[in-house]
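As you go down the protein sequences, you meet chains A and B in turn.
Numbering of the first sequence is given in this note's numbering, commencing with residue 35 and proceeding in unit increments.
Numbering of the second sequence is given in this note's numbering, commencing with residue 40 and proceeding in unit increments.
The next block holds one structure in the form of structure tokens; read it before the comments.
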Amino acid sequence: MSRRSFLGFVIAGTTLTVAAEVGGAPPASAAVPTAPQVAELYDLGDLQTHSALPTSQLIRITVDDHGLAHFAIPRMEVGQGITTAASMIIADELSMRVEDVRVTLAPARPELVFNQLTGGSNTMESMFTPIRVAAAVARGALLQAAATALGATVSSLVVKGGVVTAPDGSTRTYAALSGAAASSTTTAVRVELAPTSSFDVVGTPRGRVDALEAVTGRKRFTMDLDVPGALPTMVCRPPTLNGSPRSVDNLSAVRAMPGVTDVVVVDTGVAVRAETFGQCIDAVRALRVTWAGGPVEGESDDTVLNRLKAAELPMAVPKVPLLTQTVDMRFEFMFRSSAALEPNCAIADVRDDHATVWAGLKAPIVAQRNIAKALGLPIAQVAVNVVTGGGSFGHKLFGDAAIEAATISRAMGKPVKLMWHRADEPRQGRTHPMATSRIRATLLAGEVLTFEQRHTSVRTDFSHGLGERLTAMAAELPAGLGNLGLAESIFTLTQELPYDFGVVTQLLDEVDMGFNTGSMRNIYSPDVACANELFIDQLARKMRKDPLAFRLAFLRSERVKACLRKVAEVGQWGRAMPTGTAQGIAVHSEYKGATAVLVEIDCRPETVGRQVRDAVTGPRVTRAVIAIDAGLVVNPLGLEAQMMGGVSDGIALALTSSNHLVDGHFLEASWDNYFYTRQWNVPPSFECVVMPSDASLPGGAGEAGVAASVAATACAYARATGTVPTRFPVNHGTVSFTPKTFVPPVPPSPTDGLAHTY
Amino acid sequence: MAQHTFRVNGEAVTVDVADDVRLLWVLRDVLGITGPKYGCGINVCKACTSHINGKAFNPCSVQVKDVGPDDEITTIEGLPDTVGADLHPMQEAWLERDVAQCGYCQPGQIMAAVALVHQVQAGGRQITDDDLDGIRNVCRCGTYNRIREAVRDGAARM
Numbered sequence: 035m036s037r038r039s040f041l042g043f044v045i046a047g048t049t050l051t052v053a054a055e056v057g058g059a060p061p062a063s064a065a066v067p068t069a070p071q072v073a074e075l076y077d078l079g080d081l082q083t084h085s086a087l088p089t090s091q092l093i094r095i096t097v098d099d100h101g102l103a104h105f106a107i108p109r110m111e112v113g114q115g116i117t118t119a120a121s122m123i124i125a126d127e128l129s130m131r132v133e134d135v136r137v138t139l140a141p142a143r144p145e146l147v148f149n150q151l152t153g154g155s156n157t158m159e160s161m162f163t164p165i166r167v168a169a170a171v172a173r174g175a176l177l178q179a180a181a182t183a184l185g186a187t188v189s190s191l192v193v194k195g196g197v198v199t200a201p202d203g204s205t206r207t208y209a210a211l212s213g214a215a216a217s218s219t220t221t222a223v224r225v226e227l228a229p230t231s232s233f234d235v236v237g238t239p240r241g242r243v244d245a246l247e248a249v250t251g252r253k254r255f256t257m258d259l260d261v262p263g264a265l266p267t268m269v270c271r272p273p274t275l276n277g278s279p280r281s282v283d284n285l286s287a288v289r290a291m292p293g294v295t296d297v298v299v300v301d302t303g304v305a306v307r308a309e310t311f312g313q314c315i316d317a318v319r320a321l322r323v324t325w326a327g328g329p330v331e332g333e334s335d336d337t338v339l340n341r342l343k344a345a346e347l348p349m350a351v352p353k354v355p356l357l358t359q360t361v362d363m364r365f366e367f368m369f370r371s372s373a374a375l376e377p378n379c380a381i382a383d384v385r386d387d388h389a390t391v392w393a394g395l396k397a398p399i400v401a402q403r404n405i406a407k408a409l410g411l412p413i414a415q416v417a418v419n420v421v422t423g424g425g426s427f428g429h430k431l432f433g434d435a436a437i438e439a440a441t442i443s444r445a446m447g448k449p450v451k452l453m454w455h456r457a458d459e460p461r462q463g464r465t466h467p468m469a470t471s472r473i474r475a476t477l478l479a480g481e482v483l484t485f486e487q488r489h490t491s492v493r494t495d496f497s498h499g500l501g502e503r504l505t506a507m508a509a510e511l512p513a514g515l516g517n518l519g520l521a522e523s524i525f526t527l528t529q530e531l532p533y534d535f536g537v538v539t540q541l542l543d544e545v546d547m548g549f550n551t552g553s554m555r556n557i558y559s560p561d562v563a564c565a566n567e568l569f570i571d572q573l574a575r576k577m578r579k580d581p582l583a584f585r586l587a588f589l590r591s592e593r594v595k596a597c598l599r600k601v602a603e604v605g606q607w608g609r610a611m612p613t614g615t616a617q618g619i620a621v622h623s624e625y626k627g628a629t630a631v632l633v634e635i636d637c638r639p640e641t642v643g644r645q646v647r648d649a650v651t652g653p654r655v656t657r658a659v660i661a662i663d664a665g666l667v668v669n670p671l672g673l674e675a676q677m678m679g680g681v682s683d684g685i686a687l688a689l690t691s692s693n694h695l696v697d698g699h700f701l702e703a704s705w706d707n708y709f710y711t712r713q714w715n716v717p718p719s720f721e722c723v724v725m726p727s728d729a730s731l732p733g734g735a736g737e738a739g740v741a742a743s744v745a746a747t748a749c750a751y752a753r754a755t756g757t758v759p760t761r762f763p764v765n766h767g768t769v770s771f772t773p774k775t776f777v778p779p780v781p782p783s784p785t786d787g788l789a790h791t792y
Numbered sequence: 040m041a042q043h044t045f046r047v048n049g050e051a052v053t054v055d056v057a058d059d060v061r062l063l064w065v066l067r068d069v070l071g072i073t074g075p076k077y078g079c080g081i082n083v084c085k086a087c088t089s090h091i092n093g094k095a096f097n098p099c100s101v102q103v104k105d106v107g108p109d110d111e112i113t114t115i116e117g118l119p120d121t122v123g124a125d126l127h128p129m130q131e132a133w134l135e136r137d138v139a140q141c142g143y144c145q146p147g148q149i150m151a152a153v154a155l156v157h158q159v160q161a162g163g164r165q166i167t168d169d170d171l172d173g174i175r176n177v178c179r180c181g182t183y184n185r186i187r188e189a190v191r192d193g194a195a196r197m
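In structure tokens form, the structure reads like this:
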């Protein structure tokens, strides 16, 4: 790859601060051919990257007089490893140690407009070049200062570990050069980025920069922050989804409970502030509240499914010759909770004329705006600090807890540290919407002539800023997208069916029923890919072809094929297996990359029936092999971690994890009801292959492992049991727990912990 | 309110708090020891796993009145001191395998792993797949395979 030239800035100041200018958005194609699909030409990542570009010059790196490089990344770290990756990129460009780079999370910066959203697995794709440019500008300024100090030409200098060495052996450290490299005026400079083949750090496996803090308990999450006066606060929530409080019978009695300082009624329930969270839980349980039912009062899984079925768009198979064979299938996907292990939480200190909030926020500018609106304050008077999150999976795209905390703080006139009880999460928190997927294909003489998919979903809430990006970038979008609704546009920008199946149409229709939804990790793709790949196994069966051979024959992307061949080889596709066990294989293409997954599943009665207390056991995935082509890889160790998590998510989505809607509320209240993958569900054998790539930019990683994992697990299950599952997760029909109380809304804290030591 | 005295990470502490407040909140909200995390409050997710007198337990489910002056509570913050080092061998194994993703469950995972290894070693056994299957700590990032590798690795170092 040739050197590429970029403009950057040295910002006026006493220590070296630089910024990147990466230029305007490149033009998109003028028209969308009938094939390939839209997402192959211009995908959601392009939309995010291009809408971020105009403010990329506001991305700044500072090198201080201790020789440390500082960068406040306008994205959120939730475990996906972006602070580590950004540190590596900066260290590489500046020829310094990764340990000497400090990447923190920027607070809400409204001037960044579209350049502060963490989602769509887009961070590395959108920030790789801006970070490199800023670091290269810093390097140039430091070398210029070194050349002056050492009496040498810039081109004769060598940098290693933050030390600049002249031909005569004399040296200067970045620490010593920082002041001299600073500029009293802001100056534009042109920099050239070295070819990607010259990386020393990027592309090598690297442990997380926050690993030591994580394993010593020193890593600080929102609830670990010590904000003066911000006492524990919780909310007594309604028994039905999105219900609201009408009256409270025993306000004064609860206010007099031990430790309780404040009780106030807010829109979402009755808020309690106390000396400890334990006393909040006791107060929440003691409150006697009369509630108004919510928008889905009386609804259940079946009534929502009926609404979806009624909204399914008709198929429109074009005229095809006689003798064709038609294959029709329909799949259903239940509600799933996107809650992380760290529950929704936020700290808010609201005063008369200003407010300060601390929370894990992937869209902090939107949250800032919504908090300001809720408080009736100017945006500039609302400081929003972004705190590293204990997981997100799409859950932290919304500022629900931050807005609620600010509202409560204002009502109480005191700082609050708000935490949702675990039971609040699956019951009132964001979910992946229930959806159905219908597919019809026509076959003739060994060819697939048409493939039609009608995906119908409860409305996904995209109010965290993607809609504004679509509007702003309308002129750049491929023709045709402008006529689609927001969700349909995002569906179109994310869905790639990587097969040559003749005339392909994939359409989305939505039903808006007032559920709290969001883009759970990988948005539509886990459901869509699961339906597609199960369907494709059935097409292969109709044509009497092996699932692997069929896919290789019809795939049109060499990258997808390479991943598929790799997992087939590593996972020994087609090896003899006992009755009741089977392999499954599936692919997915998104985020400028490709994945393939091979799993082996054990559905034999002795495995399915194994007993673990308060657990769902069921079929066991015994082996998982995943191959990922994610373009240019910054940190293979981090990429493998994301794939491991993607496989864990995929197993849960296929087999065990869902919310049951009964009479207007979700039954699930904790991890003993909501069955995310646990150790007893984990494949004892896991392998991840990072595919070599000559791409010049990273693709997406955080969500890339999910879709093919769900699909491969479902395909393996179908082959092991001889029955194609059509509702997911496959165990949804069984409610394998006793639902916890709805009034009070949270369970009591146990007292028998000392009887369970080991 | 009542006074309660017990030992935390090698030091005697006395707190003035109602008898029934669960120890997790005494540690976090009263003493400011934030390594043990809240993930459910009902002894299911195990994010708060710590040790009492060397055995794993979940402080979300123990009332402060049920611990006494002789009870030694060890949280992740005090784990290295139990071996007189900067890091416990299990923490070193964790770092070597780069186990953590978001990190939220990790203190509890490590405390559970150390107790499991003690238990298995006391029985004169090696860690088995069944032992690993029995770990109840939730990791919502799903980094379970690295946890399994690190537990075996940590056991070999202990």
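Cβ coordinates follow ideal geometry from the N, Cα and C atoms, glycine included.
Using only the alpha-carbon positions, how far apart do residue i and residue j sit?
i, j, result
"F771 (chain A)", "S121 (chain A)", "45 Å"
"L483 (chain A)", "R761 (chain A)", "27 Å"
"E159 (chain A)", "D571 (chain A)", "33 Å"
"R46 (chain B)", "R67 (chain B)", "15 Å"
"E376 (chain A)", "C180 (chain B)", "11 Å"
"G652 (chain A)", "G643 (chain A)", "6 Å"
"R493 (chain A)", "F549 (chain A)", "8 Å"
"A65 (chain A)", "L518 (chain A)", "Low confidence applies here, because A65 (chain A) scores a pLDDT of 30, under 50, leaving its location unreliable; read the following figure in that light. Computed Cα separation, rounded: 15 Å."
"H157 (chain B)", "S89 (chain B)", "14 Å"
"M197 (chain B)", "T656 (chain A)", "29 Å"
Should residue i go down as buried or exposed, given a rule of 16 or more other Cβ atoms within 10 Å for buried?
i, result
"V198 (chain A)", "buried"
"G49 (chain B)", "exposed"
"A139 (chain B)", "buried"
"Y792 (chain A)", "exposed"
"V188 (chain A)", "exposed"
"A475 (chain A)", "buried"
"R585 (chain A)", "buried"
"T23 (chain A)", "Nothing in the structure corresponds to residue 23 (chain A), since chain A is present only between 35 and 792."
"Q42 (chain B)", "exposed"
So which residues on chain A does residue i lean against when the C-beta distance must stay under 7 Å?
i, result
"A86 (chain B)", "L375"
"T182 (chain B)", "A675, M678 and G679"
"P128 (chain B)", "In chain order: nothing, as chain A lies at least about 12 Å away."
Just the chain B side, please: which residues come within less than 8 Å of residue i by C-beta, in chain order?
i, result
"V112 (chain A)", "C141"
Which residues of chain A have a Cβ atom closer than 8 Å to the Cβ of residue i, listed in chain order?
i, result
"A154 (chain B)", "Y792"
Can you list the residues of chain B that residue i reaches, using a CB-CB cut of under 7 Å?
i, result
"K253 (chain A)", "G142"
"F720 (chain A)", "N184"
"P781 (chain A)", "I81"
Which residues of chain B have a Cβ atom closer than 9 Å to the Cβ of residue i, listed in chain order?
i, result
"A435 (chain A)", "Chain B residues near A435 (chain A): none, gap ~14 Å exceeds 9 Å."
Show which residues of chain A have a CB atom less than 9 Å away from the CB atom of residue i.
i, result
"D192 (chain B)", "Simply none; closest approach about 13 Å."
"A41 (chain B)", "Neighbours of A41 (chain B) on chain A: none; closest Cβ ~11 Å, over 9 Å."
If you scan the stretch 362 to 415 of chain A from start to end, which runs of the beta strand (DSSP E) of 3 or more residues do you find wholly inside it?
-> 379 to 384 and 389 to 393
Are there three or more Cβ pairs, one per stretch, closer than 8 Å when the stretch 182 to 189 of chain A is compared with the stretch 199 to 214 of chain A?
-> yes
Are the stretch 382 to 395 of chain A and the stretch 458 to 467 of chain A touching, with three or more C-beta to C-beta distances below 8 Å?
-> no
If we count Cβ pairs, one from each stretch, closer than 8 Å, do we get three or more for the stretch 549 to 560 of chain A versus the stretch 417 to 432 of chain A?
-> yes
Do the stretch 51 to 61 of chain B and the stretch 95 to 109 of chain B touch if we need at least three Cβ pairs shorter than 8 Å?
-> yes
Would you mind listing the beta strand (DSSP E) stretches within the stretch 611 to 671 of chain A that are 3+ residues and don't spill past its ends, in chain order?
-> 615 to 624, 627 to 636 and 654 to 663
Which runs of the beta strand (DSSP E) fall wholly inside the stretch 79 to 124 of chain A and span at least 3 residues, in chain order?
-> Runs of the beta strand (DSSP E) lying entirely within the stretch 79 to 124 of chain A, each at least 3 residues long, are 94 to 97 and 103 to 107 in chain order.
Check whether the stretch 614 to 631 of chain A touches the stretch 517 to 532 of chain A, taking contact to mean three or more Cβ pairs, one atom from each stretch, closer than 8 Å.
-> Yes: the two stretches touch, three or more of their Cβ pairs being nearer than 8 Å.
Touching by the beta-carbon criterion (3+ pairs, under 8 Å), the stretch 221 to 240 of chain A and the stretch 114 to 134 of chain B = no
Along the chain, which unbroken stretches of the alpha helix (DSSP H) at least 4 residues long are found entirely within the stretch 516 to 564 of chain A?
-> 520 to 528
What runs of the alpha helix (DSSP H), each 4 residues or longer, lie entirely inside the stretch 452 to 522 of chain A?
-> 458 to 462 and 500 to 506
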